[in-house]
Amino acid sequence: MIKRDYHIHTAYSDDCIIPMETMVLSAIEKGMEEIALTDHVDYDYPDRDLPFVVNYDLYSQDYYALKEKYQDKINILFGVEIGLQPHLGSKIEELLAKYPFDFAIGSIHTVKHHDIYARRFWDNKSKVKGYTEYFEDVLECAKMHSCYRVFGHLDYVNRYGGFDDKTLYYKDYADIIDEILKTIIKGERGIEINTSGYRYGLNQTHPQRDILKRYKELGGEIITLGSDSHKDEHISADFDIAEQMLKDLGIHYLAKFSKMKPEMYKIGD
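Per the numbering used here, the sequence shown runs over residues 22 to 290.
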């Protein structure tokens, strides 16, 4: 059993109401040895009712109190999930320099200043056009930003759009996905395996198996595993499925982080 969950939200994320301590206690109960708290920071987010910024002065008080309180039971990392947009480089770098982050996920939640969750992003778009626009933004941000340590939920665009067949077939986007993966690898960054796809009824991780296989073929090594939990019961959800997929693909090591630096560990250790 993999005992590190590197994608967990708390009430400091605007789309989560679960207190930090509740998430920590659930992780302990589920046998986790280490977790990364990765609350959302999405600067210039298009929905004014959900600013997706974190008050890190208050956050730090909670974090350090819980880190000390439960230090004999679990290691808690100071993490963040950053919403990447092409124009936000300097603002993100300022944030990361100001606080002692252990780990940073870089994710695309908006494309051309529209949240891909929102219906208006998909208006008058075919599946291919919507998915392609998303991957074009992923590629641009992967090239422009060096702030992230792993790229988050790489193909999660297929959660949305309302199509009868949401399936994202790697072969249909192979050229741009390969360029994204090569860019990430060249930058000595990694990707996460995000198990939330199963909770959304997609019967896959993000990224899907074919993309993970290609990442390995291209020489990618840095991989973290995260549940993307916004509820305490979702911590480590479907990790057994992800672990079997990793074994089937011949991937025997994952990455853990401290002070933004990766260290590989063998699955099962």
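No residue lacks a Cβ here, since even glycine has one placed at the ideal position from N, Cα and C.
Given the structure is predicted, the values throughout are model-derived calculations rather than measurements.
The shortest CA-to-CA distance from Tyr-219 to any of Ile-256, Gly-211, Asp-199 and Arg-235 is the one to Ile-256. Under the three-state reduction of DSSP output, Gly-151 falls in the helix class. Residue pairing by DSSP places Ile-243 in no beta bridge whatsoever. Within the stretch 37–108, the runs of alpha helix (DSSP H) that reach at least 4 residues and sit entirely inside it are, in chain order, 41–50 and 77–90. By the 16-neighbour rule on beta-carbons within 10 angstroms, Ala-118 is exposed. Comparing alpha carbon positions, the residue from Tyr-181, Val-171 and Val-132 closest to Tyr-138 is Tyr-181.
Under the three-state reduction of DSSP output, Gly-218 falls in the helix class. Here Lys-148 is buried: its Cβ has 16 or more other Cβ atoms, across all protein chains shown, within 10 Å. Rounded to the nearest whole angstrom, the CA to CA distance from Tyr-84 to Met-53 is 17 Å.
In the DSSP annotation of this structure, the continuous segment of the alpha helix (DSSP H) that includes Met-266 starts and ends at 260–269. For Glu-284, DSSP records a beta bridge to Lys-277. Under DSSP, Ala-125 shares a beta bridge with Val-101. Using a Cβ distance threshold of 9 Å, Gln-106 and Cys-162 count as a contacting pair. Linking Ile-23 to Leu-98 through their CA atoms gives a straight-line distance of about 16 Å. The count of Cβ pairs closer than 8 Å, one atom from the stretch 34–48 and one from the stretch 258–278, stays below three, leaving the stretches out of contact. DSSP places Ile-205 inside the alpha helix (DSSP H), whose first and last residues are 195–207.
Per DSSP, Ile-29 is one residue of the beta strand (DSSP E) stretching across 25–29. Between Val-178 and Ile-113, the C-beta spacing is not below 9 Å. For Asp-68, the closest of Gln-82, Glu-115, Lys-88 and Arg-140 by C-alpha to C-alpha distance is Arg-140. Segment contact: the stretch 197–215 against the stretch 233–249, three or more CB-CB distances shorter than 8 Å; contact assigned. Classified as exposed, Phe-184 has fewer than 16 neighbouring CB atoms from the shown chains inside 10 Å of its CB. For the set Arg-25, Cys-37 and His-134, the Cα lying nearest the Cα of Lys-94 is the one of Arg-25. A direct Cα-to-Cα measurement between Met-41 and Ala-32 gives close to 7 Å. Within the stretch 154–193, no complete alpha helix (DSSP H) segment of 4 residues or longer occurs. Exclusion of the five residues before and after Gly-208 leaves Ala-163 and Ser-167 as the residues of its chain whose Cβ lies within less than 8 Å of its Cβ.
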